[in-house]
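Note sheet for the following structure.
2 protein chains.
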Amino acid sequence: MNNFEIYNPTRVFFGKDETERVGKECASYGKKVLLTFGGGSIKKTGLYDRVINLLRVENMEVFELSGIQPNPRLSSVRKGVDICKKEGIDIILAVGGGSVLDASKIIATGARYNGDPWDFFTKKANPKPGLPLGTILTLAATGSEMNHNAVITNEETEEKWAVVDPAIFPTFSILDPVNTFSVPRDQTINGICDILAHLFEQYFHNTPESPIQDRMNEAIMTTVIEYTPRVLSKGDDYDARAVIMWAGTLALNHLLESGVDDDWSTHNIQHELSALYDIPHGAGLAIIFPQWMKYVLDIIPHKFAHFGERVWDLSRDGKTDRELGMSAIEQTKAWFQKIGAPVSLKEVNIGPERLEEMAEKAVCRGPLGSVKPLYKEDVLNILQMCL
Amino acid sequence: MNNFEIYNPTRVFFGKDETERVGKECASYGKKVLLTFGGGSIKKTGLYDRVINLLRVENMEVFELSGIQPNPRLSSVRKGVDICKKEGIDIILAVGGGSVLDASKIIATGARYNGDPWDFFTKKANPKPGLPLGTILTLAATGSEMNHNAVITNEETEEKWAVVDPAIFPTFSILDPVNTFSVPRDQTINGICDILAHLFEQYFHNTPESPIQDRMNEAIMTTVIEYTPRVLSKGDDYDARAVIMWAGTLALNHLLESGVDDDWSTHNIQHELSALYDIPHGAGLAIIFPQWMKYVLDIIPHKFAHFGERVWDLSRDGKTDRELGMSAIEQTKAWFQKIGAPVSLKEVNIGPERLEEMAEKAVCRGPLGSVKPLYKEDVLNILQMCL
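Heads up: the sequence lines are chains A and B, in that order.
Each residue of the first sequence is one higher than the one before, starting from -1 at the first, in our numbering.
Each residue of the second sequence is one higher than the one before, starting from -1 at the first, in our numbering.
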């Protein structure tokens, strides 16, 4: 196990009807709230009206930033920062999925920074604790509700970069599984691919003597695989939505990465895909991950064998670690296919034309990953395997 | 899964040589530090000198409260509070195991309360955030380093009671496994019994649809059982000490209890044992737990069957849940015996004389537990099974 520091001050309220507390929680930070959300699905579901009412009951003045898109744009962040500065906002309330939350994290810190928020991504400035940020999660996927990560796309430069800093933890997050009942099937699938991908990034590593991290990770992977058919067959299955929601949070709240060399090369490659082609994050991960796994199998065959035995319940049957690991990878790909996720670039209409450009961009800040450092040629190889 | 709130602001620094940062961390809170510790084993190991030097390098003025005993006494807490108030202490640094940490948590909140710290236990007053509290853990056991629990014995009234309140989280905790190398074999064993008992209290419950909590719990139980022989055969096995230390923290940092009805009746019964007889906490738990398990087996036989299959690797072989569960309980008791823990009251020289008195006291604030509410007669039955 490696040395590590772990610190997570986000307060989580989990369960049915926890949404009801949002007014009082927000009001404890001031009078002016900036409500941030996405394309308006929260208006269709009634969540928007419910939240507005709960805020108004507390006599809060509500400002709005809507239209935050999947793969959130820097332009939305800049708009939000402008509102905060101009109106003297006391607290931001983000209602949505990871994109709305990520954008809001940067708005919160940007509101107290004299400069352009892209500076946090180019490392020109370090984020400082900003405005309080509350969230109401409506999609189980990114873990953004209880972590200090945010990924933003600069549409001018076609760059999709991350800020990872304790200054951007949400203050509180309301996780009411009922708010995910209306998530459409394709978004539910993308979210689940994202959750599993987060688990993979932290599970396939080279750090010895990390049995707690590995087994806890297996615990969550196994559970996600078990409960996915339930959420897909019945979107309002409360218990199944609850399990997937909590799995999504734990999959990326800094617990599983503590003490191990997590990898993240697949996410970095995927960010280039999304930056150029705007495909859903989870879909890109489902395409790339099985190929990345094959690419690094020979470095940690024992990990892939554990993955096969403990997560996919494969029996050893005299197989070598490598053989068992390869079966587990095939099983993973087949499972993605079975739940309706794409497993090739062809399925999302991406050809070979810009692979080299993506490979180049992916490694522009150095080689990716830790299991096997990936250089431009490696990334290109993996992308070609994805065709 | 039940609704829950989870919040844990303790900052943990984990790993070899993390002790080195203690001076700078403490100095960031002020000039005057109260160093709290136990019977002086930290003087023998050299940790005391090391910490004092690190504090002095930062020009801190060091006050001391030593002699905090296992099953920490209210009198120690009162002494600590007096020093804090009289000297204007800025931060408390607790160096030791759970007893030193628990006492220090109450000293920290007591230092800012105008009254007797026992008031927090009798509910006459609620603890408020107190002085900052740093800890250096020297024994893997109670999880006190990253939770908001404290158990104190009032030696005048022979009561051993708990405070559970977010106001008493440590500010930071340094978990350097090297600081546990010198823990004697019997204390290591007691610590491991305590860790497993914490896991049991949160695993054997009646809450449906909690697969993440259950499997993460199994992940840690399995790991503790796997690594215990290594720490017992070689006390300076860094990786084994590290795994047990992190297991101890995660076993009781509010993560596994979130969303389930944890039980805690065994702990409450054990507190009566320790209050009357002053036996080690872990030893009492090893004695009581297998008997409690038998007492509630018929209520949740499926849980005990899972426990047998997933933790003890027992095969089903046509057994019913109850049969498999009973085998798992026997296995648990045999394992405690094998590592050198007592499994009967006789082994710790306790006879039947005061069982009724303990049963009476255990339920004085109402029936215990959630799997099966235990009344005086139930507690007496269990204690008699322990003879």
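All residues carry an ideal CB built from backbone N, CA and C; glycine is no exception.
As the structure is a prediction and not an experimental result, all values here were calculated from the model.
On the premise that G13 (chain A) lies in contact with N112 (chain B), defined as a C-beta separation below 8 Å, what is that separation, rounded to the nearest angstrom?
At roughly 37 Å, the Cβ-Cβ gap does not stay under 8 Å, so N112 (chain B) and G13 (chain A) are not in contact.
Given this structure, state the Cα-to-Cα distance separating G386 (chain B) from W244 (chain B), to the nearest angstrom.
The question about residue 386 (chain B) has no answer here: the residues shown for chain B are numbered -1 through 385.
Going along chain A in order, which residues have a C-beta closer than 9 Å to the C-beta of V10 (chain B)?
Correct list: F2, E3, I4, Y5, S256.
Quick check on the DSSP output: the alpha helix (DSSP H) that includes A148 (chain B) runs from which residue to which?
Per DSSP, A148 (chain B) belongs to no alpha helix (DSSP H); it is in the beta strand (DSSP E), 147 to 152.
Starting from S325 (chain B), trace the alpha helix (DSSP H) both ways and give me its first and last residue.
Here the alpha helix (DSSP H) through S325 (chain B) covers 319 to 337.
At which residues does the alpha helix (DSSP H) containing A281 (chain A) begin and terminate?
It spans 279 to 294 - the alpha helix (DSSP H) in which A281 (chain A) sits, taken as one unbroken run.
Where DSSP assigns a beta bridge to T133 (chain B), which residues make up the other side?
Paired residues: B:A92, B:S171.
In terms of residue numbering, what span does the alpha helix (DSSP H) encompassing A138 (chain B) cover?
From DSSP, A138 (chain B) is part of no alpha helix (DSSP H); its letter is neither H nor E.
I193 (chain A) by DSSP, collapsed to three states: which one?
DSSP places I193 (chain A) in helix when its eight states are reduced to three.
Might you give, ordered along the chain, the residues of its own chain that have their beta carbon closer than 6 Å to the beta carbon of T330 (chain B), omitting 5 neighbours on each side?
Cβ within range, chain order: P288.
Starting from N6 (chain B) and walking both ways along the beta strand (DSSP E), at which residues does that stretch end?
2 to 12 is the span of the beta strand (DSSP E), which, as asked, contains N6 (chain B).
When the Cα of I267 (chain B) is compared with those of B:V49, B:V176, B:Q200, B:E157, which residue comes out closest?
Measuring from the Cα of I267 (chain B), the nearest candidate turns out to be B:E157.
Considering only the beta carbon of each residue, do V455 (chain A) and G36 (chain A) sit closer than 8 Å?
This structure cannot settle anything about residue 455 (chain A), because the visible part of chain A is limited to -1 through 385.
Would you please state the rounded distance, in angstroms, between the beta carbons of L45 (chain A) and T120 (chain A)? I believe it to be under 8 Å.
In fact, because the Cβ distance is near 35 Å, the residues do not count as touching under 8 Å.
Quick check on K126 (chain B): does DSSP put it in helix, strand or coil?
Reduced to three states, the DSSP call for K126 (chain B) is coil.
Between which two residues does the beta strand (DSSP E) harbouring V369 (chain B) extend?
Run containing V369 (chain B): none; DSSP gives neither H nor E here.
Could you check if T169 (chain B) is buried or exposed, using at least 16 other CB atoms within 10 Å of its CB as the buried criterion?
The residue is buried, with at least 16 neighbouring Cβ atoms inside 10 Å.
Spatial neighbours of R71 (chain A) within its chain, please: C-beta separation below 7 Å, excluding the five flanking residues on both sides.
So the list reads T151, E153, once near-sequence residues are dropped.
Report yes or no: is there a C-beta of chain B within less than 8 Å of the C-beta of R239 (chain A)?
Output row for R239 (chain A): interface = no.
If you measure between the beta carbons of D100 (chain A) and A148 (chain A), is that distance less than 8 Å?
Cβ atoms of D100 (chain A) and A148 (chain A): closer than 8 Å.
Hey, N6 (chain A) and N57 (chain B): beta-carbon distance below 8 Å or not?
Not a contact, by the Cβ cut-off of 8 Å.
Which class does R352 (chain A) belong to by DSSP, given the choice of helix, strand or coil?
R352 (chain A): coil per DSSP, three-state reduction.
Are any of the Cβ atoms in chain B nearer than 8 Å to that of W244 (chain A)?
For W244 (chain A), the answer is yes, since a Cβ of chain B falls inside 8 Å of its Cβ.
Can you find a CB in chain A that lies within less than 8 Å of the CB of E408 (chain B)?
Beyond the ends of chain B as shown, which are -1 and 385, falls residue 408 (chain B); an answer cannot be given.
Whose Cβ in chain A lies nearer than 7 Å to the Cβ of R213 (chain B)?
Residues of chain A passing the Cβ test: A217, T220, T221.
How many angstroms separate the CA atom of N69 (chain B) from the CA atom of A303 (chain A)?
Cα-Cα distance, rounded: 45 Å.
Between which two residues does the beta strand (DSSP E) carrying E157 (chain B) extend?
157 to 162 is the extent of the beta strand (DSSP E) around E157 (chain B).
Helix, strand or coil: how does DSSP classify E270 (chain A) here?
Helix, per DSSP.
So, helix, strand or coil for T43 (chain A), using DSSP?
DSSP places T43 (chain A) in helix when its eight states are reduced to three.
Within the same chain, show all residues whose beta-carbon is closer than 6 Å to that of L372 (chain B), passing over the 5 residues directly before and after it, in chain order.
For L372 (chain B), where only same-chain residues beyond five positions count, the Cβ hits under 6 Å are S263, P365, L366.
Identify the continuous alpha helix (DSSP H) that holds T247 (chain A) and give its terminal residues.
Here the alpha helix (DSSP H) through T247 (chain A) covers 236 to 248.
Going by the DSSP bridge assignment, what does V60 (chain A) pair with across the sheet?
Bridge partners of V60 (chain A): A:V31.
Find the residues of chain A that neighbour L135 (chain B), judging by a C-beta separation of less than 9 Å, and give them in chain order.
Those within 9 Å of L135 (chain B) in chain A number zero; the least Cβ separation is about 14 Å.
Run through DSSP, which three-state label would R314 (chain B) get?
Three-state DSSP puts R314 (chain B) in coil, outside helix and strand.
Three-state secondary structure (DSSP) at R71 (chain A)?
Strand.
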